[in-house]
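Q: Input: one structure, supplied below.
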Amino acid sequence: MNGYKYTWDNARDDDDWVEAKLDRFLANDDWKRRFALSKAAVLDYSSSDHLPILLQVRIFLPRHSPRLFRFENTWGAESGCREIVEEIWSDPSLGSVLEKLQFCSVRLGEWGDNLRKLYKQEIDDCKRVMGLLRGKRDAHSRESFRMAKSKFLDLLRRKESYWRQRAKEFWLKEGDQNTKFFHRKATIRQRKNRIDRLKDDNGNWCDWSTGLEAMITNYFKNIFTSNAGSSNDIIDLVPALVTDDQNVDLMKPWLPDVAFPMVTTTFDFNFGVYMVSDLITDGAWNIDLVNRVFNERDRKLILSIPLRRSSSIDLQFWKHDKRGSYSVSSAYKLQTQESDTAVGNKKFWKKLWSIPAAPKIRNFLWRAVSGSLPTRSRLCSRHVPTTEVCPLCNVDCESVKHVLVECSFARHVWLASHLGWFSPSTHSFQDWLMRALAIFNPNDSATLAYLCWSIWEERNSVVWKSAQPAANSCRLRGLRLKREWDDALVSIRAAIPPTADLPTPQEWKKPGPNWVKLNVDIATNVNSGWTGIGMVVRNEMGSFVACKISRMVGLFSPTIAEIMGVREALSWIKDNNWQNVIVESDNLQVVNVLNSMNVENFSMMGGIVSDCRSLINEISCEILFSHVFRSANGVAHALAQATRSFPNAMEWTLSPPEFVTHLLL
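With the first letter of the sequence shown counted as 1, position 554 gets the number 554 in UniProt numbering; the numbers rise by one all the way through.
Right, dumping it as structure tokens:
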């Protein structure tokens, strides 16, 4: 009730003057739901000793908007749900995934509406049958009564699951199930977070019928529209410390894509190494020379550069495209990726998005790190007329790091929690969060995220509701939200039915008549700095023909290593004169590249592909490339792993080695 807090006084003077609140306006829940926007106010004038109460009755008229599609938990128990999904996803006329999802949501929504009506009808039927049969003693009536009651209870459980999806988990645990109060709690969201009217710049009230939507749109458009400026004036003032000639020398990296792609070794020119080509002999690195000339860091990087075996001229390639060719789209993709990762590294983002917290909490941390929270310093930088002073401490400038970490209010919240307060010498909230996620386990990281959210909620209450900040209630609210989310996850996981059996692993298949099949795989030893290759050949009967293992010095990416393994396999085929060979690899990207070798490839992989193309032209038999899953490539995988025990190349032709015999059966 608004207005003066008392409604009666005795009209006496000084010490005998008494005021009291005797008059009230009473309404039950049904009336308040019907007239949700009504207000009562005590008027400050009256000819009586009682002040009148003015009741302004306003009917709640919700703005009807299309209802969002939500999958109901109860649908999973209905066979019709699976039939609809399978029918739509198997329809070839619906091409894209987006079209199928959209069409599936429409069909399920219509089916769900009919199902809810059917539930109501079935519940009424069960009630009617139980009412007719109650009190009858014959066996048939008792059996029919038990069946009707069992069906009635099952329908009530499904109805409870329907409402469970619309309310927080603890209302089912701590309150009565399927009560009127519970239903009101589940549906009260329709009347929350509403904006009915706002004042415009001229002081006039606007509602939804008089342009409120346009007013809100224009307001945010003006806030987040910036005028493009020029930075040339500032750049011109920065003195140049590096000459053009020095810059040319500094911009000549030749090592792989690392943070500093320059050689760090101090050279002794007595070795006679002046060019990169001096380190290459017969299409391979001169390992002894590289080991003598370069330090350990440079050795590993140099030996990890794959070389073509056939002589060819040097080429420049665009490393940001898989085929090494520059395109506008690849440059645009590079630019957008750089802007997306400018505020952090991939490991940090992976840790942030894996925090076991609600999606809105993780999204809040992302906004905080990205500088998207509307702190007062941020608003001032956007030319919003407001003060920069923090509303919680009223002392310092409000930045993201200040309001969530350094503010005196935030310190009280952190110190009251088991995490404690720490603020290392970091420049930004991202640096602070990166240090915190590196220290805390996943559960504590989730607690940190919820406390940050709760601090920001408390800040908003102070700004928009003029509330008094309370550190202890802020901490308890964050911990309560985390507990509710964890409890809800436990309940949801317990309700999920056990998954179907996993598909059986794929098995190796025999080649066709007059064909042999060669399987190849690689294994990497990071500590020793080499890559192992394993190959096995079997005929149309599935019988063993030959196998081979070898090592390559250097560490390569999985794709580069796999295609180098295929190159070794083609060279082995050439030496043995096999006819009609199927080469199988468990790297799908490599198989796709080899099946499209006619496409120009200027990347680092392209040189190896050119070697493969040359070897195929030198082989008289037909060669096919095929992809196979790892489960069907077990023999080649075991051979590649065996290179840890065999430092030199080994080949078996009469019988296989004992460590793969059981895999060939």
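Even glycine gets a Cβ: it sits at the ideal position worked out from N, Cα and C.
Keep in mind it's a predicted model, so treat the numbers as computed, not measured.
When you compare each of 531, 626, 575 to residue 591 by their alpha carbons, which one comes out closest?
A: Comparing alpha-carbon positions, the option among 531, 626, 575 lying closest to residue 591 turns out to be 626.
Q: Would you call the region 516 to 533 and the region 637 to 645 touching, i.e. three or more CB-CB distances under 8 Å?
A: yes
Q: Are there three or more Cβ pairs, one per stretch, closer than 8 Å when the region 577 to 587 is compared with the region 512 to 528?
A: yes
Q: Who are residue 25's beta bridge partners in DSSP?
A: Answer by DSSP bridge pairing: none, since residue 25 is not bridged.
Q: So residue 636 is in the alpha helix (DSSP H); what residue range does that whole segment cover?
A: 634 to 642
Q: On the premise that residue 288 lies in contact with residue 265, defined as a C-beta separation below 8 Å, what is that separation, rounded to the nearest angstrom?
A: Between residue 288 and residue 265 the Cβ distance is about 16 Å, and since that is not below 8 Å, they are no contact.
Q: Measure from the alpha carbon of residue 589 to the alpha carbon of each residue in 562, 610, 507, 603, then state which is nearest.
A: 562
Q: Is it a yes or a no for the region 346 to 362 touching the region 377 to 394, going by three-plus beta-carbon pairs under 8 Å?
A: no
Q: Considering residue 390, what are the terminal residues of the alpha helix (DSSP H) in which it resides?
A: Premise fails: residue 390 is in no alpha helix (DSSP H) and is neither H nor E.
Q: What does a CB cutoff of less than 6 Å around residue 19 pick up in its chain, not counting 5 residues either side in sequence?
A: Result list for residue 19: 6, 9, in chain order.
Q: DSSP beta-bridge partners for residue 56?
A: 39
Q: So, helix, strand or coil for residue 517, using DSSP?
A: Assignment of residue 517 by DSSP, reduced to helix, strand and coil, places it in the strand class.
Q: Just checking, does the region 81 to 98 make contact with the region 42 to 56 on the three C-beta pairs under 8 Å criterion?
A: no
Q: Need the endpoints of the beta strand (DSSP E) that residue 197 sits in, please.
A: 197 to 199
Q: Output needed for residue 467: all residues of its chain with C-beta closer than 6 Å, excluding positions within five of it in sequence on either side, in chain order.
A: 461
Q: Assuming residue 430 and residue 631 form a contact by the criterion Cβ under 8 Å, report the distance between their Cβ atoms to the nearest whole angstrom.
A: At roughly 42 Å, the Cβ-Cβ gap does not stay under 8 Å, so residue 430 and residue 631 are not in contact.
Q: Do the region 604 to 623 and the region 565 to 577 make contact, defined as three or more Cβ pairs closer than 8 Å?
A: yes
Q: Tell me, to the nearest whole angstrom, how far the beta carbon of residue 671 is from that of residue 159; I am working on the premise that it is less than 8 Å.
A: The first residue shown for the chain is 1 and the last is 665, placing residue 671 beyond what the model contains.
Q: Return the chain-ordered list of same chain residues with a C-beta closer than 7 Å to the C-beta of residue 413, the five sequence neighbours on each side being excluded.
A: 451, 455, 471, 474, 475
Q: Out of 195, 220, 482, 219, which has the shortest C-alpha to C-alpha gap to residue 208?
A: 195
Q: Answer with buried or exposed for residue 197, where buried requires no fewer than 16 other C-beta atoms within 10 angstroms of its C-beta.
A: Residue 197 is exposed by the Cβ-count criterion.
Q: Sorted by chain position, which residues of the same chain lie with C-beta nearer than 8 Å to residue 49's C-beta, five sequence neighbours on each side aside?
A: 8, 9, 10, 11
Q: Using only the alpha-carbon positions, how far apart do residue 239 and residue 411 sit?
A: 43 Å
Q: Go through the region 428 to 501 residue by residue and report every complete run of the alpha helix (DSSP H) that reaches 4 residues or more, in order.
A: 429 to 439, 442 to 465, 471 to 495
Q: Could you compute how far the alpha carbon of residue 31 sits from the alpha carbon of residue 68?
A: 28 Å
Q: For residue 662 and residue 607, I'd like the C-alpha separation in whole angstroms.
A: Here the alpha carbons of residue 607 and residue 662 stand approximately 37 Å from one another.
Q: Do residue 285 and residue 303 count as a contact pair if the criterion is CB distance below 8 Å?
A: yes
Q: Taking the alpha helix (DSSP H) that residue 564 belongs to, which residues open and close that run?
A: Per DSSP, residue 564 is one residue of the alpha helix (DSSP H) stretching across 558 to 576.
Q: Rounded to the nearest angstrom, what separates residue 235 and residue 330 at their Cα positions?
A: So the alpha carbons of these two residues sit roughly 28 Å apart.
Q: By Cβ distance below 6 Å, which residues in the same chain neighbour residue 3 in space, the five residues on each side in sequence not counted?
A: Result list for residue 3: 41, 42, in chain order.
Q: In or out: residue 217 buried (at least 16 other Cβ within 10 Å) or exposed?
A: exposed
Q: When DSSP labels each residue in this structure, what does residue 284 get in the three-state scheme?
A: strand
Q: Taking 7 Å as the limit between beta carbons, can you name the residues of its chain near residue 459, skipping five residues before and five after?
A: 391, 392, 403
Q: Determine the extent of the alpha helix (DSSP H) in which residue 79 is found, giving its start and end residues.
A: 79 to 89
Q: Take residue 108 and list the residues in its own chain whose beta-carbon comes closer than 8 Å to its own, dropping the five residues that flank it on each side.
A: 69, 71, 75, 81, 84, 85.
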